[in-house]
Amino acid sequence: MRPLRGSCLALLLALSSTILGLHIPLEVEQLPTITAKAPSSLIAFPFDENFTLKCEAKGNPQPAFRWTRDGQHFDPRRDPRLQTQPNSGSFVIPNNKHVSEYRGKYQCYVFNTLGTAMTEETNFIVPNVPKFPKEKLPPVVVVEGQSIVLECNPPDGIAPLQVYWMTIGLKHIEQNERVSMGLNGNLYFSNAVERDSSGDYCCFAAFPRIRTIVQKPAMSVVVKPSKDVTELDDSKTTEREPSLLLPPGGQSEVHLVKGDELELECIAEGLPTPVYEWTKVGETLPRRTNIKNFGKLLTVAKVKREDDGMFKCTAKNHLGEKSHFFSVSVEEPPSWAEEPPESQLVTIGSDVQIKCATTGRPRPTITWRINGQPIGDTPTPGRRLFDDTIMLQQVQRSDTAVYQCQASNPHGSVMANVNLMVLNLRPLILTRDFQEYSAVQGKHVLMECSVFSSPPATVVWTSGETGETVGGGRFSVLADGSLQLQRVAKEDTGQYTCQASNSEGETFITSKLEIKDPTRIIEPPQDLKILRGTTAQFICQAEYDRSLRREIEILWARDGEEAYLNYTQDARYSVDDGILQISNVSHSDEGLYSCVAKTTLDQDQAAAYLTVLDVPEAPEDLVLADKRGRSVRLKWTPGEEHNSRITEFVVEYEENQWDPERWRELERVPGNHASAMLMLQGHINYRFRVCAVNDVGQGPPSRPTDRYKTQATEPDRNPENIKIEGHLPNQMDITWEPLMPVEHNGPGLEYKVSYRRLGVEDSWTEQMVKRHSFVVKNTPTFVPYEIKIQAHNQQGWGPEPKVVTGYSGEDVPLASPEDVSVEVKNATLLRVRWNPVPANALRGHLVGYNVNWWRTQSLLVSTKGPGEKQSMKVFGNRTHAMIPGVKPFSEYRLSVNVFTKKGNGPSSLPVTFTTPQGVPEKMSILRATNPQRTSITLVWAPPVEANGILTGYSLQYQQINDTQHLGELRSVNVSSPDITQWVLVDLERFSAYKFYLSACTKVGCGPAISEEGGTATEARADRQDVGVSSRGWFVGLMCVLPLATLAALISCFVCRNRGGKYAVKEKEDLPADQESKGVNEDTFCEYSDNDEKPLKGSLHSLERLATGEDDSCESVVDYEDEEEQFNEDGSFIGEYSGRRRRASVEMNGPSSSVA
-14 MRPLRGSCLA LLLALSSTIL GLHIPLEVEQ LPTITAKAPS SLIAFPFDEN FTLKCEAKGN
46 PQPAFRWTRD GQHFDPRRDP RLQTQPNSGS FVIPNNKHVS EYRGKYQCYV FNTLGTAMTE
106 ETNFIVPNVP KFPKEKLPPV VVVEGQSIVL ECNPPDGIAP LQVYWMTIGL KHIEQNERVS
166 MGLNGNLYFS NAVERDSSGD YCCFAAFPRI RTIVQKPAMS VVVKPSKDVT ELDDSKTTER
226 EPSLLLPPGG QSEVHLVKGD ELELECIAEG LPTPVYEWTK VGETLPRRTN IKNFGKLLTV
286 AKVKREDDGM FKCTAKNHLG EKSHFFSVSV EEPPSWAEEP PESQLVTIGS DVQIKCATTG
346 RPRPTITWRI NGQPIGDTPT PGRRLFDDTI MLQQVQRSDT AVYQCQASNP HGSVMANVNL
406 MVLNLRPLIL TRDFQEYSAV QGKHVLMECS VFSSPPATVV WTSGETGETV GGGRFSVLAD
466 GSLQLQRVAK EDTGQYTCQA SNSEGETFIT SKLEIKDPTR IIEPPQDLKI LRGTTAQFIC
526 QAEYDRSLRR EIEILWARDG EEAYLNYTQD ARYSVDDGIL QISNVSHSDE GLYSCVAKTT
586 LDQDQAAAYL TVLDVPEAPE DLVLADKRGR SVRLKWTPGE EHNSRITEFV VEYEENQWDP
646 ERWRELERVP GNHASAMLML QGHINYRFRV CAVNDVGQGP PSRPTDRYKT QATEPDRNPE
706 NIKIEGHLPN QMDITWEPLM PVEHNGPGLE YKVSYRRLGV EDSWTEQMVK RHSFVVKNTP
766 TFVPYEIKIQ AHNQQGWGPE PKVVTGYSGE DVPLASPEDV SVEVKNATLL RVRWNPVPAN
826 ALRGHLVGYN VNWWRTQSLL VSTKGPGEKQ SMKVFGNRTH AMIPGVKPFS EYRLSVNVFT
886 KKGNGPSSLP VTFTTPQGVP EKMSILRATN PQRTSITLVW APPVEANGIL TGYSLQYQQI
946 NDTQHLGELR SVNVSSPDIT QWVLVDLERF SAYKFYLSAC TKVGCGPAIS EEGGTATEAR
1006 ADRQDVGVSS RGWFVGLMCV LPLATLAALI SCFVCRNRGG KYAVKEKEDL PADQESKGVN
1066 EDTFCEYSDN DEKPLKGSLH SLERLATGED DSCESVVDYE DEEEQFNEDG SFIGEYSGRR
1126 RRASVEMNGP SSSVA
């Protein structure tokens, strides 16, 4: 904080020694001031429990109270029936049988040793229950055409008064231009007619404020026809000009108060019935004018001074007219010209003026009192009275008093109590000393220093221990002495002193200010769109001054409501650590949610909107229009979308004949439509309903429409999906999809089945059936027929049916494929060709061919034996196939047969062929043993499947020390297939190596097996000088290998001779459509093509071989250049399911070499 130097800024609380708008603290001796008073009138309504006459005041010394009633002293404390309170002038009158005894005008006086204040009079009104006098009224007898006045004369009561004319049966008397009620309650007839005769004209007076209605005894009216009158003067029974029944005379004066409603009334009698005209003399009628009661009443709402003037009412008929003038004067009750006179605090020796400026019409009379007494009863030197003004010169303490000013005219009065305090007092600081203030950085703070003094005090604020004055810039001293700081900063923290002084003395207080960090929301809630019934979560996190950590609150409110959701009784709302969670969200939860981070010093606020998504509400107001037999337009009104645009409407129907109470979809309509033209079936009693769909889902259905029944008619369509099958060789089974019941269009639905031999018969054989199937017996095997099916009901035939072609029953084929040939593509892949079976030998629909093959001998051994039979299905009329997965260097036999849906035909004569040598399988055993300083021994077993005559092994190795760089790849050719051990020398000391080994035939080398090892350390090499052949583990390995080989050979022999079911056999049993599906989904990846890919001399190929990867998936590529693309055979490769046989390695004994 930086106080301004070089100037002492002070605040003068007033420019003179007079203080207006007086507010004196109760610590200071002062005159009584009335704080609450009773209204000018108080009505004792019968339904109220009690009635309070208020009179409360403050002052020092504590004021006392006294009352007058009708100008006489009245002490409510002496009446035990009244309720009073200590230190209060108010009292309560209970509503009991004695309440009428307290009727009168009350006035309260409040006094202490300094003076007396008084209230205006309160008129306590105890209304009597209004009653009509009991009287017997003679009948009113008139001649037709004469006027009638039925007087009501309602009793006095509490306004407002409402008068009604009714019969005894409470039927209102009809009012019109001829008959109407005046403002005084009387019923006027301008001229009587015979139908006015009645004996029950009743006047009812209602007093709403006391909830009372009273009735006058019924009056009787007798209207005699004018032709029956002989003796009476009939001067008034003939037509006559108007004369006024109300008001009397030609002119009247009307006085009313500004703001009231002006009511001017003219009621005339005459024959024919007069009409009325209203004008304002010399002016136009006010714009607020209304003509009521059939032209007899003129009203002007909220009259103003400019509405003064002369109004004229004219009643006229064709015989003449009669006028009345109203002199209207708008007056005003007394009111203060500006503000009521204010109390004053002055110092001794001052001059004082009290002015009581009022307005009113007529001009109000001013009455002055001092302490409740007429001013003339208390003469004072130096006081002068000028109508509405009092002048006092050189006032003293004794001039302290309450001056009453009252202004009155015929419309009311106003009164003011003016306290004149003559006082000299040193400054009194009302704010507590050592007050501590806290403020948030960047905000405003107000440090109070409320001072009362007479004369006014000068207030100075200083800061810190230096006592430097503060003011200007961000610092300002207010009129009440408080110091306001704008945009406070941390450096404003400290101690401040407020010093007040005047001619009577001085005083001061000290305040302390501490500046806090502001509260700020750092993670505000985000707008949410959420489905109804789910859980919504708003997150709100804030930072704040750490000293306020026990005061910080994060509150949640919705739509600006003052009630916070933190304290709601709704269990669906939960608030925890600034997170508001709303479970089971409903539409009523939608709105703006505000997060308020609040401390005692400041707050920050952020808001987010919750949008509740839901399926649309059901459409409403369904209407059927444009009914045209079998079509109708359905109209509806969409329901609430629930914040997701309606995308479509679903029209559903229900009928009560075939499937009652089950609703089915009929049509879908775009979401921007509200009607649909529905095309209907015949002979159906429909009901319709509509559902709306949005992105959330489908909403509930509407209420159904009334039933709408269509007339019966012929079928609209014939059966579809006709199937012709032959389950037996000499019959034909015909089935079709029947019409749905709602498609019958009438009773008696049946089907006409027509058939004939294609190209053989000209006439149709016809049969009427009611079911949806038909069997034609004694047909030739597998011959074509033409078939058509037509629907029929009692109304007629459906449309002309379409003709479909089908075949009679099938039988198994009679012939086998001929000229079967095998082309060996490589060691594992064959191409098979054959000639197709003639169509006349198929005796059915061709499904495909079975290719069967079996291994008879491995060319590595001389013995022959039956091999496992394998099959492949070739679908369609194809004459070739690619057979993958045969064993290299083997002898095979192969045959082909055709098959139809009925079964397999005979197999062709077997074809014998052999496969060439291939590359060996991956070896299963490779071990790096006996590591020395610069050498290591590799031991392996031959491959289980050599796939040819082994010619040797390919050995490669490279250094793989702990670096990313691999050593040079070196190769060793092991030319003897009998070698199973090799010693590598001249290796790097203490180094790691990776070894790759593959077996080879004359075709090439197979996939490599890999192993890692390393040369030994110094100490380990000394311990391993013993030869590997003498180690125990090596002896054990050589013993185990022959036994494992023997066990594998026995297992293979058992598997080959076991026979039974196999994968291909299972696939043969599948239906044709499932087989074809399975074929298309299979891949080639289980077959190897490594026979023609010798080991490449690169690290990449070695790595792939070492990890067991191969290029079998690419085997098809090798045959893309064939005259028939291999991919056309791809559909059947997946049908192949063979077993891959493994044999153990047979070792004749250890043999080794050194490289």
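Residue numbers (our numbering): -14 to 1140.
All C-beta atoms, glycine included, are put in the ideal place defined by N, C-alpha and C.
Here the structure is a predicted model, which is why all the values come from computation and not from measurement.
Proximity to Gln131 [Cα-Cα], best of Glu86, Ser182, Val84 and Arg88: Counting from one through the sequence shown, the residue named residue 131 turns up at place 146. Checked all of Glu86, Ser182, Val84 and Arg88; the closest Cα to Gln131 is Ser182.
For Val727, three-class secondary structure by DSSP: As a working mapping, residue 727 is identified with position 742 in the sequence shown. Residue state, collapsed to three classes: helix.
If contact is defined by three or more beta carbon pairs under 8 Å, each pair taking one atom from either stretch, is the region 850 to 870 in contact with the region 815 to 835? Flag = yes, the region 815 to 835 and the region 850 to 870 touch.
Which stretch, first to last residue, makes up the beta strand (DSSP E) that contains Ala776? Translated into the one-based positions of the sequence shown, residue 776 becomes position 791. Where Ala776 is concerned, the enclosing beta strand (DSSP E) stretches over Pro769 to Asn778.
Assign Leu1087 to one of three DSSP states: helix, strand, or coil. Working through the sequence shown from its first residue, we reach residue 1087 at position 1102. Any reading at Leu1087 must be qualified, since the residue scores a pLDDT of 33, below 50, and its modelled position is unreliable; the value itself is stated next. Here Leu1087 sits in helix by DSSP.
Residue span of the alpha helix (DSSP H) that contains Asn825, given as start and end: For the purposes of this step, residue 825 is taken as residue 840 along the sequence shown, with counting starting at 1. For Asn825, the enclosing alpha helix (DSSP H) covers residues Ala824 to Leu827.
Beta strand (DSSP E) segment containing Val859, residue limits: Along the sequence shown, read from residue 1 onward, the residue named residue 859 stands at position 874. Its beta strand (DSSP E) spans residues Lys854 to Phe860.
Under the three-state reduction of DSSP, which class applies to Gly361: helix, strand or coil? One-based indexing of the sequence shown puts residue 361 at position 376. Gly361 falls in the helix class under three-state DSSP.
At a cut of 8 Å, does the region 225 to 242 reach the region 194 to 210 through at least three beta carbon pairs? Judged by Cβ distances under 8 Å, the region 225 to 242 makes no contact with the region 194 to 210, as fewer than three pairs qualify.
Compare the beta carbon distance of Tyr736 and Thr750 with 8 Å and say whether it is the shorter of the two. By one-based count along the sequence shown, residue 736 stands at place 751. By one-based count along the sequence shown, residue 750 stands at place 765. Against a cut-off of 8 Å, the Cβ pair of Thr750 and Tyr736 comes out as no contact.
Establish whether the CB of Gly563 and some CB of chain C are separated by less than 8 Å. Chain labels in this structure do not include chain C; a single protein chain is all it has.
If you drop the 5 nearest sequence neighbours on each side, which residues of the same chain put their C-beta closer than 8 Å to that of Met295? Numbered from its first residue, the sequence shown carries residue 295 at position 310. Counting only Cβ-Cβ distances below 8 Å, and skipping sequence neighbours, we find Lys265, Val266, Gly267, Phe310, Phe311, Ser312 and Val313.
Test item: CB-CB of Val445 and Leu498 under 8 Å: Against the sequence shown, residue 445 aligns to sequence position 460. Against the sequence shown, residue 498 aligns to sequence position 513. Their beta carbons are not under 8 Å apart, which means Val445 does not touch Leu498 by this criterion.
Under a three-way DSSP split, which group does Leu473 fall into? Residue mapping note: residue 473 aligns to position 488 of the sequence shown, counting from 1. One detail in the question is off: residue 473 reads as Val in this sequence, not Leu. Reduced to three states, the DSSP call for Val473 is coil.
Exposed or buried, what is Val745 when buried is set at 16 or more other beta-carbons lying within 10 Å of its beta-carbon? To locate residue 745, count along the sequence shown from 1; it is residue 760. The residue in question, Val745, is exposed, as its Cβ has fewer than 16 Cβ neighbours within 10 Å.
Can you tell me which residues form a DSSP beta bridge with Val1171? Past the edges of the chain, shown from -14 to 1140, lies residue 1171, and the structure says nothing about it.
Nearest CA to the CA of Trp541: which residue from Thr936, Leu550 and Gln902? In the sequence shown, residue 541 corresponds to position 556, counting from 1. Comparing Cα positions, the closest option is Leu550.
For Lys708, does the count of other Cβ atoms within 10 angstroms reach 16, so buried, or fall short, so exposed? As a working note, residue 708 is residue 723 in the sequence shown. Exposed, because fewer than 16 other Cβ atoms sit within 10 Å of the Cβ of Lys708.
Between Arg647, Thr492, Leu598 and Ser976, which has its C-alpha nearest Pro412's C-alpha? The count along the sequence shown starts at 1 and reaches residue 412 at position 427. Considering only alpha carbons, the answer is Thr492.
Between Glu250 and Gly167, what straight-line distance do the alpha-carbon atoms span, to the nearest angstrom? Your numbering for residue 250 matches position 265 in the sequence shown. Your numbering for residue 167 matches position 182 in the sequence shown. Taking the straight line joining both Cα atoms gives about 8 Å.
Could you tell me the distance, in whole angstroms, from the CA atom of Arg346 to the CA atom of Ser398? Taking the first residue of the sequence shown as 1, we reach residue 346 at position 361. Taking the first residue of the sequence shown as 1, we reach residue 398 at position 413. Each residue's Cα considered, the two are about 12 Å apart.
At the level of alpha carbons, what is the spacing between Trp648 and Asn703? To locate residue 648, count along the sequence shown from 1; it is residue 663. To locate residue 703, count along the sequence shown from 1; it is residue 718. Going from the Cα of Trp648 to the Cα of Asn703 covers about 24 Å.
What's the call for Gly783, buried or exposed, on a 16-neighbour Cβ count within 10 Å? Residue 783 sits at position 798 when you count from the first residue of the sequence shown. By the 10 Å Cβ count, Gly783 comes out buried.
Going straight from the alpha carbon of Ala1144 to that of Thr350, what length do you get? As displayed, the chain neither begins before -14 nor continues past 1140, which places residue 1144 out of reach and without an answer.
For Pro916 and Val871, what's the separation of their Cα atoms in angstroms? Reading the sequence shown from its first residue, position 931 is the one you call residue 916. Reading the sequence shown from its first residue, position 886 is the one you call residue 871. Whole-angstrom Cα-Cα distance: 42 Å.
Indicate the three-state DSSP secondary structure (helix, strand or coil) for Val681 in the structure shown. Position 696 of the sequence shown, counting from 1, holds the residue named residue 681. It is coil, neither helix nor strand.
Tell me which residue opens and which closes the beta strand (DSSP E) that Tyr91 is part of. Working through the sequence shown from its first residue, we reach residue 91 at position 106. Its beta strand (DSSP E) spans residues Gly89 to Phe96.
Which residue marks the beginning of the beta strand (DSSP E) containing Phe1189, and which one marks its end? As shown, the chain starts at -14 and ends at 1140. That puts residue 1189 outside it, with no answer to give.
Distance, Val239 Cα to Pro318 Cα: In the sequence shown, counting from the first residue as 1, residue 318 sits at position 333. In the sequence shown, counting from the first residue as 1, residue 239 sits at position 254. C-alpha separation (whole angstroms): 16 Å.
Identify whether Pro1157 lies in helix, strand or coil by the three-state DSSP scheme. In the structure displayed, the chain extends from -14 to 1140; residue 1157 sits before or after that span and is not available.
Whole-angstrom C-beta distance between Asn778 and Glu699, which should lie under 8 Å: Position 714 of the sequence shown, counted from the start, is the residue given in the question as residue 699. Position 793 of the sequence shown, counted from the start, is the residue given in the question as residue 778. Going by Cβ atoms, the distance from Glu699 to Asn778 rounds to 6 Å, so yes, they are a contact pair.
Three-state secondary structure assigned by DSSP to Asn763: By 1-based counting over the sequence shown, the position of residue 763 is 778. Asn763 falls in the coil class under three-state DSSP.
Using the rule of at least 16 other Cβ atoms within 10 Å of the residue's Cβ for burial, across every protein chain shown, is Thr764 buried or exposed? Locating residue 764 in the sequence shown gives position 779, where the first residue counts as 1. Buried, by the Cβ-count rule.
Can you give me the C-alpha to C-alpha distance between Ala21 and Glu324, rounded to a whole angstrom? For the purposes of this step, residue 21 is taken as residue 36 along the sequence shown, with counting starting at 1. For the purposes of this step, residue 324 is taken as residue 339 along the sequence shown, with counting starting at 1. So the alpha carbons of these two residues sit roughly 19 Å apart.
Can you tell me where the beta strand (DSSP E) with Val387 in it begins and where it stops? Position 402 of the sequence shown, counting from 1, holds the residue named residue 387. That run of the beta strand (DSSP E) goes Ala386 to Asn394.
Indicate whether Ser175 and Glu254 have their beta-carbon atoms separated by less than 8 Å. Residue 175 sits at position 190 when you count from the first residue of the sequence shown. Residue 254 sits at position 269 when you count from the first residue of the sequence shown. The answer is yes: Cβ separation under 8 Å.
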